[in-house]
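All remarks here apply to the structure that follows.
There are 2 protein chains.
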Amino acid sequence: MPIRDFTDHDWPQVWPIIRDVVRSRETFPYDPTMTEDDARSTWIESPPGRTTVFDDGRVRGTAKMSANRPGPGAHIATASFMVAADARGRGVGTALAEDALAWARGTGFAGMQFNAVAESNESAVRLYQCLGFKVLGTVPRAFEHPARGRVGLHLMYLEF
Amino acid sequence: MPIRDFTDHDWPQVWPIIRDVVRSRETFPYDPTMTEDDARSTWIESPPGRTTVFDDGRVRGTAKMSANRPGPGAHIATASFMVAADARGRGVGTALAEDALAWARGTGFAGMQFNAVAESNESAVRLYQCLGFKVLGTVPRAFEHPARGRVGLHLMYLEF
Chain A
52 MPIRDFTDHD
62 WPQVWPIIRD
72 VVRSRETFPY
82 DPTMTEDDAR
92 STWIESPPGR
102 TTVFDDGRVR
112 GTAKMSANRP
122 GPGAHIATAS
132 FMVAADARGR
142 GVGTALAEDA
152 LAWARGTGFA
162 GMQFNAVAES
172 NESAVRLYQC
182 LGFKVLGTVP
192 RAFEHPARGR
202 VGLHLMYLEF
Chain B
52 MPIRDFTDHD
62 WPQVWPIIRD
72 VVRSRETFPY
82 DPTMTEDDAR
92 STWIESPPGR
102 TTVFDDGRVR
112 GTAKMSANRP
122 GPGAHIATAS
132 FMVAADARGR
142 GVGTALAEDA
152 LAWARGTGFA
162 GMQFNAVAES
172 NESAVRLYQC
182 LGFKVLGTVP
192 RAFEHPARGR
202 VGLHLMYLEF
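What follows is the structure, given as structure tokens:
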């Protein structure tokens, strides 16, 4: 799999992916006006967390992963995935997610949690379900989609 | 109600409350080794968020409240509450929570979400349910309680 750890040299390819995803307001509950510096401090995880890229000659997608919470919650992982608009539907997200799951299992986490998956993001919901995640609950109308209006945010979980 | 906005003069009374709650590892998924500076930056919300204290001559408890997420999630509020160990069971938490709900309704939020309520924290779960919150889902074994082992973390929600 063309997945490897992020290095500083990747940022010029990673930032446009984040920028476009965030500005679209379609999938991530991030500030759509976030600056490049904000994005960098949000997305680049220091160890023990990790940021990855899918690179087949160009960076097609990126993931970050870490403990979901500190202290008494630190045994559950979380992760986020972004794929370039022109690379969707080709398995990039699946590869990034499988790699993140392998990392979390290998690091000794007890499960992985996604805190806020927009229910309108059907390809992500389907992918996570294929990987074994369940929707544990949905906060109704918690995500303001630019075209669909207020849609639910799923809490999704996979216990290892 | 003896509830008012936090001022810098309150910090010497607020920090021991946070320190004791966090070090106990019984209720909050915060880093139990957090420093005073970490606690301050975590707990003191800048506008449009807000931090409050319950003050009847001494600070008995404190709350913080804000949007739960930025961008497309910014219409849902969240809040956290801490009460001094020697002031529990006297309505301090209830008063702080009612005030936070009034603030969130008045500010125009569409609901309030608690992301991680330890199911072993029965007094908090009961209080929130009395205020109308529902458990939307529970991440099993996601909170490492020092005495009870791994207990669930509830996602709780009240739509206004």
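Read top to bottom, the protein sequences are chains A and B. According to the working numbering, the first sequence is numbered sequentially starting from 52. According to the working numbering, the second sequence is numbered sequentially starting from 52. Ideal Cβ positions, reconstructed from N, Cα and C, are used throughout, including at glycine. Note that the coordinates shown come from a computational prediction; the quantities given were computed from them, not determined experimentally.
### Task
Measure how close the beta-carbons of A114/B and T103/B come, nearest whole angstrom, since I'm counting them as under 8 Å.
Indeed, because the Cβ distance is near 5 Å, the residues count as touching under 8 Å.
### Query
Hey, is P121/A's beta-carbon within less than 7 Å of any beta-carbon in chain B?
At least one chain B Cβ lies under 7 Å of P121/A.
#### Entry: Spatially closest choice to R70/A from M133/A, F57/A, H126/A, A155/A, by CA coordinates
Of M133/A, F57/A, H126/A, A155/A, the residue nearest in Cα terms is M133/A.
### Task
Have a look at the DSSP bridge pairing and note the partners of G200/A.
According to DSSP, residue pairing for G200/A in a beta bridge involves H196/A.
### Query
Is G112/B near V65/B, with beta carbons less than 7 Å apart?
Taking 7 Å as the Cβ cut-off, G112/B and V65/B do not qualify as a contacting pair.
### Task
Consider the Cβ of R111/B: report whether some Cβ of chain A lies at a distance smaller than 7 Å.
Not one chain A Cβ lies under 7 Å of R111/B.
### Message
With DSSP as the reference, identify every bridge partner of I54/B, one or two as the case may be.
### Response
According to DSSP, which records beta bridges pairwise, I54/B is partnered with F105/B.
#### Entry: Buried versus exposed, by CB contacts within 10 Å (16 or more), Q180/B
Q180/B should be labelled exposed.
### Query
Should the stretch 167-180 of chain B be regarded as contacting the stretch 193-202 of chain B, the criterion being three or more beta carbon pairs within less than 8 Å?
Result yes; three or more Cβ-Cβ pairs closer than 8 Å.
#### Entry: Close beta carbons around T145/A, own chain, < 7 Å, minus the five adjacent residues each side
L178, listed in sequence order.
### Query
What's the gap between the Cα of F57/B and the Cα of Y81/B?
If I take the Cα positions, the gap works out to 21 Å.
### Message
Taking CB distances under 7 Å as the criterion, tell me whether A193/B reaches chain A.
### Response
At a cut-off of 7 Å between beta carbons, A193/B contacts chain A.
### Message
Which residue wins for smallest C-alpha separation from G221/B, given the options G140/A, L204/A, R120/A, V176/A?
### Response
Residue 221/B lies beyond the stretch modelled for chain B, which goes from 52 to 211, so this question has no answer here.
#### Entry: 7 Å Cβ cutoff met for V190/B and Y208/A
Between V190/B and Y208/A, the C-beta spacing is below 7 Å.
### Query
What does T189/A reach in chain B if we use C-beta pairs closer than 9 Å?
Near T189/A (Cβ distances below 9 Å), the residues of chain B are L187, G188.
### Query
Is DSSP giving S171/B helix, strand or coil here?
If DSSP states are grouped into helix, strand and coil, S171/B belongs with coil.
### Message
Against chain A, with Cβ distances strictly below 7 Å, would Y208/B count as a contact?
### Response
Chain A, which has a Cβ nearer than 7 Å to the Cβ of Y208/B, makes this yes.
### Query
Quick one: what does DSSP say H126/B is sitting in, helix, strand or coil?
Coil at H126/B, not helix or strand.
### Query
At what residues does the beta strand (DSSP E) containing A114/A begin and finish?
For A114/A, the enclosing beta strand (DSSP E) begins and ends at 110-118.
### Query
Using a Cβ cut-off of 7 Å, which residues of the stretch 69-99 of chain A contact any Cβ in chain B, in chain order?
Answer set for the stretch 69-99 of chain A: R76, P80, Y81, D82, P83.
### For P98/A, the three-state DSSP class (helix, strand or coil)
Three-state result, P98/A: coil.
#### Entry: I127/A beta carbon less than 7 Å from that of G162/A
Yes, they are a contact pair.
### Query
Does DSSP classify Y179/A as helix, strand or coil?
Y179/A: helix per DSSP, three-state reduction.
### Query
With respect to the alpha helix (DSSP H) encompassing P63/B, which residues constitute its N-terminal and C-terminal limits?
For P63/B, the enclosing alpha helix (DSSP H) has its first and last residue at 62-75.
### Message
Using 7 Å as the threshold, is the C-beta distance between I68/B and A135/B below it?
### Response
Result yes, Cβ atoms of I68/B and A135/B sit closer than 7 Å.
#### Entry: Supposed contact pair L182/B and A148/B - C-beta distance, whole angstroms, cut 8 Å
Correct: roughly 6 Å between the Cβ atoms.
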